[in-house]
Structures are given as structure tokens and as C-alpha cells.
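Undergrad:
Protein chains in written order, with my numbering: chain A, 803 to 1346; chain W, 4 to 277.
1) Alpha carbon to alpha carbon, how far is residue 37 of chain W from residue 213 of chain W? Give it in angstroms, no decimals.
2) Checking the sheet assignment: what are the DSSP bridge partners for residue 1119 of chain A?
3) Taking C-beta to C-beta, are residue 1176 of chain A and residue 1205 of chain A nearer than 8 Å?
4) In whole angstroms, give me the CA-to-CA distance for residue 1405 of chain A and residue 1142 of chain A.
5) Specify the secondary structure class of residue 809 of chain A as computed by DSSP and reduced to three states.
6) Output the distance between the C-alpha atoms of residue 810 of chain A and residue 853 of chain A, rounded to the nearest integer angstrom.
7) Tell me the residue span of the beta strand (DSSP E) that contains residue 1274 of chain A.
8) Whose Cβ in chain W lies nearer than 8 Å to the Cβ of residue 1130 of chain A?
9) So which residues on chain A does residue 142 of chain W lean against when the C-beta distance must stay under 8 Å?
10) Leaving out five residues on either side along the sequence, give the residues of the same chain with a beta carbon under 8 Å from the beta carbon of residue 1221 of chain A.
11) Contact criterion: CB-CB distance below 8 Å. Does residue 232 of chain W meet it with respect to chain A?
12) By DSSP, does residue 1129 of chain A sit in helix, in strand, or in coil?
13) If distances are taken between C-alpha atoms only, which option among A/1164, A/1145, A/1166 comes closest to residue 1156 of chain A?
14) Starting from the beta carbon of residue 1154 of chain A, find every residue of chain W whose beta carbon is closer than 8 Å, and list them in chain order.
15) Since residue 14 of chain W and residue 242 of chain W should fall inside the 8 Å C-beta cutoff, what is the C-beta to C-beta distance between them, to a whole number of angstroms?
16) Report all residues from its chain with a CB closer than 8 Å to the CB of residue 1163 of chain A; omit the five preceding and five following residues, and keep chain order.
17) How many Å lie between residue 1335 of chain A and residue 1114 of chain A at the Cα?
18) Taking the alpha carbon of residue 169 of chain W as the reference point, which residue from A/1016, A/1128, A/1225 has its own alpha carbon closest?
19) To the nearest angstrom, how far is it from the Cα of residue 887 of chain A to the Cα of residue 1329 of chain A?
20) Where does the unbroken beta strand (DSSP E) through residue 978 of chain A begin, and where does it stop?
21) Determine the DSSP secondary structure at residue 1103 of chain A, reduced to helix, strand or coil.
22) For residue 778 of chain A, does the three-state DSSP call read helix, strand or coil?
23) Interface residues of chain W around residue 1166 of chain A at Cβ under 8 Å?
24) Applying the 10 Å Cβ sphere with the 16-neighbour rule, what's the burial state of residue 1190 of chain A?
25) Mark residue 925 of chain A as exposed unless 16 or more other C-beta atoms lie within 10 angstroms of its C-beta, in which case mark it buried.
26) Let me know if residue 51 of chain W comes out buried or exposed under the rule of 16 or more other beta-carbons within 10 Å of its beta-carbon.
27) Name, please, each residue of chain W whose Cβ falls closer than 8 Å to the Cβ of residue 1157 of chain A.
28) Roughly how many whole angstroms lie between the Cα atoms of residue 153 of chain W and residue 858 of chain A?
29) Determine, using beta carbons only, whether residue 862 of chain A and residue 907 of chain A come nearer to each other than 8 Å.
30) May I ask you to report which of helix, strand or coil DSSP gives residue 17 of chain W?
31) I'd like the span of the alpha helix (DSSP H) that includes residue 1323 of chain A, first residue to last.
32) My assumption, with CB atoms under 8 Å, is that residue 204 of chain W sits in contact with residue 142 of chain W. Please give the rounded CB distance.
33) With DSSP as the reference, label residue 836 of chain A as helix, strand or coil.
34) Can you find a CB in chain A that lies within less than 8 Å of the CB of residue 184 of chain W?
35) For a contact defined as C-beta to C-beta under 9 Å, what are the partners of residue 1184 of chain A on chain W?
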């Protein structure tokens, strides 16, 4: 294409690695990717972690992170080969023509400087405009991105604004230089769904109005479908499929793309009888130290062999509820009842058998298993502690548990560093299972995983529930998961239970305002959903 | 572990340490002359009879170097190992239990650190009988305050990890959490500190000897030999440099080995040794 702004041809990127025995090797992480991006268009790069999507995004800035090296191919911006430029010339390109928006805005801003100064810094540095012009443009962009009080927003420090606002401020920083191309690297992944929709809408409007081209990197197909004109699906550093957004969503050609599009087809019928409670939370109030109440008079119960999903955004108190139930944070008022007897509020006062019956699965499997213990040690410990198993019988039971979590033999002697994210989470599940629990609290166990891996974990959890009659408390912010696996649902907001009951009842109207907002904010996999959701929201607020 | 995967630098380090240990263990057989034997004139130059020359009293320097390895290794290594044992156990207990136990241990530690180490050692050693195990004990206790600070900081970081919380939820006791969950993950920074602390222990021992409270003459130790011979440097006699070089070489060897252990243990976490 003659009018291509960015033209990437046969791009190859490798990472230098050192093997345990000291030999150096070059691991190829991007294997010959080609695409071209005309002015004003948005290309979505999608794939699971390790697919090379971020690496490709950074290569558009001719940048390799750490030991990453661009080993072949060309990256041309308006016909100019970026890879052939010297350090000084490449800096000028990065300053003026290509900008980057990182996943974690909180880590990307310097906490010691005002937001406004950081937003205009690059434009001043490259002498693109005077300070007065730069300020005016920043205010303009803040308004365009829907930030509150655009005139004074720039005088705030990063810690004085919310995560969603910070992400928009970062977009303003990228747009400020009027770049030809912006690379968005998962800009909404770390945000709550209700915030994500605002940021997405702001980014989309800004892209349209400024006419910049963009590479939009994400692992969420539903998100990229709202923004991108074209989508490229990546896997293991190779292109799987490339097409227009409509074509990828409605008519995927490859099996892998089809799996991504049809994700979340895990379905479980909600149980009808939800009266028998294995665990009941009765009027619990809790706070950290003398701070404000994090939980305020929370009551709910978990039926035996069923799943209670607790949804809410970050800060709603859902993880704190898990800490109260496990005894890590004693409640200041209220009780936890387990099998028709009250549980001691403190961990130290609970018997070993009580501890055994309630197990926990964490969000980050990386930190939830000890990196210095082998899989067999990790899974074997609860067997020794609770059931007194040793030697051969324990070994056999560990293998049996590994079979249950579909990992088979050969994993027992591995260390966590030698496992993938999904495998680590499976080991954590096996550790919980080893205790033979009646209830497992799952604290966002799939939110750090790629969609296909997450689906595997959900299937595994459902299978185990059917086999062993275990109850789950499933903490999540993902409504799609709730729709798929929950029997009953509790919606939490600012430490209170907003809505609690059987799934069909909670997820069907009439809704309270918050549940409505939450349900409408979940991206759906169809182009144009974003506009509908935003305009629906406007109409409501206009009508009130 | 395969022998071939050990880098050459680690071999050099282990060779140096082994050499010092052999010298210490077999000193009476290896040394050409006795430890206290005066065999020549003061500060004789190197010759076939005296490969490293003689010291300020006319004793054979090589023989004293070999005998000195005994006390230096025994006292410095003993004190370092002991100080790490005390420091790690106490600091981990403080970090894991928290509350007033943590406050109590930490404040006592601060109190001990607020008194200059050398003065503290002088007072205590002057009051107590001059025995080698008392010397080791005093050095270890004083040094353990530094280990305590580091150990507590490292353990606090690890104690908030999810796998430690999981162990608590499982109902594990404090000793399991300390020795099975935290210690293996804290080894890297602690090993690095060990290499440094060992070198300091050798120097501290020589300082004490210089003040007359460490190793008592005429028994040889490397630090004391530096002090005995340092006047010679004014006259161009290199006798002081030889035990000084031995201290430096030993410290370097210990640190090379520690560095290698560090790399080996941290590589388990993956990606650290890029």
C-alpha cells in the first residue's frame, strides 16, 4: 500500500536467554510478522500472554525491552526505515511521531510531579509548541477525554486521581504531541468494568477526532472489537488470522480464532434448591485497624455443593469478606456460621479440622505457591498435616490429585518456575483439594490468566464440584463468569451487599442502579456495542 | 547437580577456601618451622630457607601464615556462622509473629546497635575471661545485630506473600513458616550478606587483637600479623602485605563462592539471571 503510515514487513524479534547450564541462546518470540497500517486506522493485536503482541507494539517504536532484540525485517514509518536510524534520530521519532500508552498508568507517571507538567513535557522538550500553547492543548485534551474540571485537572498529582482518570491522562499525554501513531498496550486491562467503558469511549472518541492511527494491544476480543478497524490474531509469535473486525468476529477462519470468539460457553444450570446453607455470614461488619468500615452488615449464605458468586469492583470489600470468613481479619460485629455452628472469629482459635474444611485459591498463582518447593511438596503438605499421610501412600495420593487436575505424571518434581500460569493455578487447586474441603473460596482465580486457560480452570472447578459436592465462594468482577457458573449471586458495593439471591433473580430486572450499571458495562463481542451502551447510559441520565 | 555446570570462578573460590582449610587443619605438618620459633634476623627478605621472609621478631612468615589460618578461619568463620544463626532465627521470629515480640526484639537490637561495636566488645571482653569461645560468642552476638536488621526486612517482605498466608490458613506452626516457607526464599540476600560479614569478621578480629583483646600473642592470626609487621612498610619491607593479601584472597574466594550460590538459588525463580 502506497499510503501506509506504518509498514511492518517480515518482523523477527528474539530474546537472549541463558540456559541453566550457562550456554546462551536466542529465543525467537516474533516470527515473521507483516502488516501495514494506513493513516487514521486502528489495528487490534490480540493474543494470549507470550504471543508477542506487546513486543510487536514496542517494535513500532523501534524499541526492544531488556534483552529483546529485533533480528530481522523492517519497520517503516511513512517510508522511513526506523530500524536503520541512529539513537538520536530514533528519539526524535519517538518524541514527535509515535507515542505509547502503557498498561499501568499508575506506574508510568512520576508521583512527584503534577499531571499537567508530565503531559506537556515531551512537547516542550521537542520544541513543538510554546508552554502557553501546550497548556491550552492539554486542557483541550482533558476535556475531550471527559476528565473532570479540565482547567484545573493538570494541577493534580497522580495519587489524587483515580485509576481510570490516570489512564485517560496518559492517553492525553500520548495525544498531546499530535503523533501519527499511538501504541496502546492493554490500557484498560487493570481497570474495573464500569471504569473501563468510560476509558474505552474516551480513547475511541479521541482517536476519531484527532485522526491518529493506533495499534491497540489487548487479550480481550470484546474490547478490541469496539475500537479496532482491523484485528490481527497472534499466537506464539506467529500470525493466526488478520481481517476486518466484522469478519473476525462473525466469520473466523481459524480454529484458534473460533475458540477465542466462542469463549465462555461454559454453562451450568443454576441449582433450584438453595435453602441448605453450609456457610452463613450473619450481619458481619469489619474494618482494618481503626479505619473506616470495609464491610458493613453483610449477610449471605452458601448452599451445599453450590457456587456463590460475589461480584463488585475493586474496593467493594469482596476480598475482605474472604479474609473475614477465613479468620485472617476478625469481624468487629456479626458471626460466621459453618454447618450450623458458629466459627471462632480468629484464625488462632480455630481447630485444625475447621481450617481443613475451608480452603482458599488465590488470584496470583505465582505468589500463592512457594517457589522453593516442588509440586509434590506443595500438594503433599496438607496431606501430611491434615490426614497424616507419609511415604508411599502420600506419593500415590499426590499423583492421584495431579490426575484430578488433569496434569498427569512428570510434574511432581518440578518447581513452580517451571510451570505455566494455568498449571500453577491448577497446583494451587490441587493443594486446596488435598485438604478434602467442604468449601473453597476462589479469589478471582482466573482474572490473571488468558481467556482460554481461564476457561479450562473454570471447567475443572465445575467438574470437581460435580464429583465432590464442594461449595465455592467465587469472588470476581467478571459478569460473564457469574452468568456461567454461579448458583447464587451477591453484588457488593462499598462494603454492603447490594443484591443477593439465586442467579436468575439477581441477573434479571428490575435492577437497582448499580447492578444495572455493572451489567451494562460488560463488553459484548459485537462491533457497535460501545456506542449503544454509552448512548443508553446518556439517555438514562438525561431522563432523570 | 552436574559438576560441569559450576563456573570456573566458583572453582577458583572453592580452591582458595580449601587451601586455607588444609593449611589450618594440617598446620603442624605443613609449616617448615614452629609457630613461635625465632629462626633468623628481623625482616629477612625472601629466600629459599624462608620463602616469604621473616617477621618483626625473626620468625618464619610462611609458618606463621599457615598457623594463623587456624585461628583466623576458626574464629572468623565460627563467629560469622553463629551470628547468622542467631540473627536469622530472631529476626524471622520477630517478622512472623509481629506485635510486642517484634517490638521488643527490634528495640533491644536498636539499643545494641546504638553502642559502638568496638567499645562494646572492649568492655565485654575486658570483663570476661580470655577464652577463644568467649571471643567467638561476643563477636557473633555483636555482628548478629546487623544480620537481624537485614533478616527482618527480608522476612517482612516474604511474610506478606500469599503462600505464607496459605500456610497460616492451613494451621502451620511458626517454626514451619520460618524454616520451610520463608528461609528458602530469603537465602539469596542472606548469602550475599554472609560473604561480606565474613570479611568484616576477619578485620574485626585483627582490630581486637591489635588492642590486645583478640588472639593473644605469640599465637598467630592474619590480622595480628599485619599489625605486627606494618612498621616494616616504612622501611620497604613487604612482610605486612603478605598476611594482608591472604585476608583479601580469602575474602574474595568466599565472595566468589557466595556469588555463585546466589546465582544458583535465584535462578529457581526464573528469569533473574538474564
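Note that beta-carbon positions come from the ideal geometry of N, C-alpha and C, so glycine has one too.
A quick note: this is a predicted structure, and the numbers were derived from the prediction, not measured.
TA: So, to answer that:
1) Within the second chain, the letter at position 210 stands for residue 213 of chain W. Within the second chain, the letter at position 34 stands for residue 37 of chain W. Cα-Cα distance, rounded: 22 Å.
2) Translated into positions along the first chain, residue 1119 of chain A becomes position 317. Answer is none; residue 1119 of chain A lacks a bridge partner.
3) The residue given as residue 1176 of chain A occupies position 374 in the first chain. The residue given as residue 1205 of chain A occupies position 403 in the first chain. Their beta carbons are not under 8 Å apart, which means residue 1176 of chain A does not touch residue 1205 of chain A by this criterion.
4) Lying before the first or after the last residue shown, residue 1405 of chain A is absent from chain A, which here runs from 803 to 1346.
5) On the first chain, position 7 is the one that residue 809 of chain A refers to. Residue state, collapsed to three classes: strand.
6) Residue numbering aside, residue 810 of chain A sits at position 8 when the first chain is read from its first letter. Residue numbering aside, residue 853 of chain A sits at position 51 when the first chain is read from its first letter. Near 17 Å, if we compare the C-alpha coordinates of residue 853 of chain A and residue 810 of chain A.
7) Sequence index remark: in the first chain, residue 1274 of chain A carries index 472 (1-based). First-last of the beta strand (DSSP E) with residue 1274 of chain A: 1273 to 1278.
8) Here residue 1130 of chain A is taken as the residue at index 328 of the first chain, counted from 1. The CB of residue 1130 of chain A comes closer than 8 Å to the CB of 168, 171, 172 in chain W, given here in chain order.
9) Indexing the second chain from 1 puts residue 142 of chain W at position 139. Residues of chain A whose Cβ lies closer than 8 Å to the Cβ of residue 142 of chain W do not exist; the shortest such Cβ separation is about 31 Å.
10) On the first chain, residue 1221 of chain A is found 419 positions in, with the first residue counted as 1. Within its own chain, the residues whose Cβ lies closer than 8 Å to the Cβ of residue 1221 of chain A, once the five positions on either side in sequence are excluded, are 1177, 1213, 1229, listed in chain order.
11) The count along the second chain starts at 1 and reaches residue 232 of chain W at position 229. Cβ-Cβ to chain A under 8 Å: no for residue 232 of chain W.
12) Counting from 1 along the first chain, the entry for residue 1129 of chain A is found at position 327. Of the three classes helix, strand and coil, the one that applies to residue 1129 of chain A here is coil, per DSSP.
13) As a working note, residue 1156 of chain A is residue 354 in the first chain. Nearest option by C-alpha distance: A/1145.
14) Residue numbering aside, residue 1154 of chain A sits at position 352 when the first chain is read from its first letter. Proximity of chain W to residue 1154 of chain A at the Cβ level (cut-off 8 Å) is accounted for by 174, in chain order.
15) The count along the second chain starts at 1 and reaches residue 14 of chain W at position 11. The count along the second chain starts at 1 and reaches residue 242 of chain W at position 239. Wrong, their Cβ atoms sit about 31 Å apart, outside the cutoff.
16) On the first chain, position 361 is the one that residue 1163 of chain A refers to. Sequence-distant partners of residue 1163 of chain A (beyond 5 residues in either direction) whose C-beta falls short of 8 Å from its own C-beta, in its chain, are 1170, 1227, 1230, 1231, 1234, 1242, 1243, 1244, 1245, 1247.
17) The residue you call residue 1335 of chain A lines up with position 533 of the first chain. The residue you call residue 1114 of chain A lines up with position 312 of the first chain. Going from the Cα of residue 1335 of chain A to the Cα of residue 1114 of chain A covers about 19 Å.
18) Here residue 169 of chain W refers to the residue found at position 166 of the second chain. Selected option, being the one with the closest Cα: A/1128.
19) Sequence index remark: in the first chain, residue 887 of chain A carries index 85 (1-based). Sequence index remark: in the first chain, residue 1329 of chain A carries index 527 (1-based). If you take the alpha carbons of residue 887 of chain A and residue 1329 of chain A, they lie about 38 Å apart.
20) Within the first chain, the letter at position 176 stands for residue 978 of chain A. Careful: residue 978 of chain A lies outside any beta strand (DSSP E), inside the alpha helix (DSSP H) at 965 to 978.
21) Sequence index remark: in the first chain, residue 1103 of chain A carries index 301 (1-based). Under the three-state reduction of DSSP output, residue 1103 of chain A falls in the strand class.
22) This structure does not reach residue 778 of chain A, given that chain A is present from 803 up to 1346, and the question cannot be answered.
23) The sequence position of residue 1166 of chain A within the first chain is 364, counting from 1. Residues of chain W passing the Cβ test: 165.
24) Position 388 of the first chain, counted from the start, is the residue given in the question as residue 1190 of chain A. The residue is exposed, with fewer than 16 neighbouring Cβ atoms inside 10 Å.
25) Along the first chain, read from residue 1 onward, the residue named residue 925 of chain A stands at position 123. By the Cβ-count criterion, residue 925 of chain A is buried, with 16 or more other Cβ atoms from all chains shown falling within 10 Å of its own Cβ.
26) What you label residue 51 of chain W is simply residue 48 of the second chain in a count that begins at 1. Flag for residue 51 of chain W reads exposed.
27) Locating residue 1157 of chain A in the first chain gives position 355, counting from the first residue. Within 8 Å Cβ-Cβ: 172, 173, 174.
28) Taking the first residue of the second chain as 1, we reach residue 153 of chain W at position 150. Taking the first residue of the first chain as 1, we reach residue 858 of chain A at position 56. Residue 153 of chain W and residue 858 of chain A: Cα-Cα distance of roughly 41 Å.
29) Start at 1 with the first residue of the first chain, and residue 862 of chain A comes out as number 60. Start at 1 with the first residue of the first chain, and residue 907 of chain A comes out as number 105. For residue 862 of chain A and residue 907 of chain A, no; Cβs fall outside 8 Å.
30) Residue numbering aside, residue 17 of chain W sits at position 14 when the second chain is read from its first letter. In the three-state reduction of the DSSP assignment, residue 17 of chain W falls in the helix class.
31) Stepping through the first chain from its first residue, residue 1323 of chain A is reached at position 521. Looking at the DSSP string, residue 1323 of chain A is not in any alpha helix (DSSP H), and its letter there is neither H nor E.
32) For the purposes of this step, residue 204 of chain W is identified with residue 201 of the second chain, where counting begins at 1. For the purposes of this step, residue 142 of chain W is identified with residue 139 of the second chain, where counting begins at 1. So it is a contact: roughly 6 Å between Cβ atoms.
33) Translated into positions along the first chain, residue 836 of chain A becomes position 34. Shown here, residue 836 of chain A sits in a strand according to DSSP, grouped into three states.
34) Residue mapping note: residue 184 of chain W aligns to position 181 of the second chain, counting from 1. By the rule that beta-carbons nearer than 8 Å mark a contact, residue 184 of chain W touches chain A.
35) As a working mapping, residue 1184 of chain A is identified with position 382 in the first chain. Listed along the chain, the chain W residues whose CB falls inside 9 Å of the CB of residue 1184 of chain A are 173.
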